[in-house]
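Each remark here refers to the structure printed beneath this line.
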């Protein structure tokens, strides 16, 4: 287990990008698996009504979900499930979350519900090092809840044309959350996904990202890898589906970078 020296609880990271199909859920699942493999205790909070993170971690029982946690004040003990991976837990999601935005509007604490839910004293019993929140592919109230609850935001960036243009609105949202609700929110980092080193466009996107965003961009690049794409259909992270694949090795490297960054933050 990595010693993060944080008496205030686990490090909470929102995995967010309002653009769909960028590898957001894949990154949340596999980064969590990489952290767990390294000895951390990790909770994945599935905040996407599609529930893909839950499916990708093999969750079948969805009687208690993030909907209950946020909107019905369900206790953490009721909604947190163990997965088949040692040290990795999940709060699953269902399509019920689709109506959450409408239901949240009339709630005075609408932006703080996940923040408060993840700071129940019961979270201590899980002895977590990290909480990863898999956000929906939109900048709605659920995503705002994730950013208010989180210490940082990790942004998967697809190595394709117009990738950087989509970041501007996300950065504006992060700035607004800093100004109104969570002044300590920071960028955990930008991770390039679906990267193909043989492709000139991938290399150009990487150059543009590093020129514009500097050290915010993780050294690790997640390759376009068939094993990463296949793993969810077996309800497994790629680290368990094919441990020796290029995708699995990349997510291990990303997990090490995240652990290293957070050791420095704790210092």
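Numbering (the UniProt record's numbering), first residue to last: 1 to 267.
Glycine included, C-beta positions come from ideal geometry on N, C-alpha and C.
Inset, instruction - Between the Cα of residue 138 and those of 182, 22, 9 and 83, spot the shortest distance and give me the residue it belongs to. - result: Here the question's residue 138 lines up with position 138 in the chain shown. It is 22.
Legend entry - Buried versus exposed, by CB contacts within 10 Å (16 or more), residue 5: For the purposes of this step, residue 5 is taken as the residue at position 5 of the chain shown. Low confidence applies to residue 5: its pLDDT is 42, below 50, so where it sits in the model is not reliable enough to give any reading.
Legend entry - Span of the alpha helix (DSSP H) around residue 168: On the chain shown, residue 168 is found 168 positions in, with the first residue counted as 1. Note, residue 168: alpha helix (DSSP H), 167-180.
Legend entry - Contact the segment 18-36 vs the segment 217-234: 3+ CB pairs below 8 Å: These segments touch.
Inset, instruction - Grab the span of the beta strand (DSSP E) containing residue 158 for me, first residue to last. - result: Your numbering for residue 158 matches position 158 in the chain shown. Looking at the DSSP string, the run of the beta strand (DSSP E) that includes residue 158 is 152-158.
Inset, instruction - Would you decide whether residue 218 is buried or exposed? Buried here means 16 or more other CB atoms lie within 10 Å of its CB. - result: Locating residue 218 in the chain shown gives position 218, where the first residue counts as 1. Flag for residue 218 reads buried.
Legend entry - residue 190 versus residue 19 - alpha carbon distance: In the chain shown, residue 190 corresponds to position 190, counting from 1. In the chain shown, residue 19 corresponds to position 19, counting from 1. Approximately 14 Å, taken between the alpha carbons.
Inset, instruction - For the alpha helix (DSSP H) holding residue 216, just list the boundary residues, first then last. - result: The residue given as residue 216 occupies position 216 in the chain shown. Per DSSP, residue 216 belongs to no alpha helix (DSSP H) and is neither H nor E.
Inset, instruction - Per DSSP, which residues does residue 38 bridge with? Please list them. - result: Walking along the chain shown from the start, residue 38 turns up at place 38. According to DSSP, which records beta bridges pairwise, residue 38 is partnered with nothing at all.
Inset, instruction - Rounded to whole angstroms, what's the CA-CA distance from residue 158 to residue 212? Just pull it up for me. - result: Locating residue 158 in the chain shown gives position 158, where the first residue counts as 1. Locating residue 212 in the chain shown gives position 212, where the first residue counts as 1. Whole-angstrom Cα-Cα distance: 16 Å.
Legend entry - Per-residue burial, residue 81 [other beta carbons within 10 Å of its own, 16 or more giving buried]: Taking the chain shown and counting its residues from 1, one reaches residue 81 at position 81. So residue 81 counts as buried.
Legend entry - Unbroken alpha helix (DSSP H) run spanning residue 70, endpoints: As a working mapping, residue 70 is identified with position 70 in the chain shown. Where residue 70 is concerned, the enclosing alpha helix (DSSP H) stretches over 66-71.
Legend entry - Inter-stretch contact (C-beta, 8 Å, three-pair minimum) for the segment 86-98 and the segment 47-55: yes
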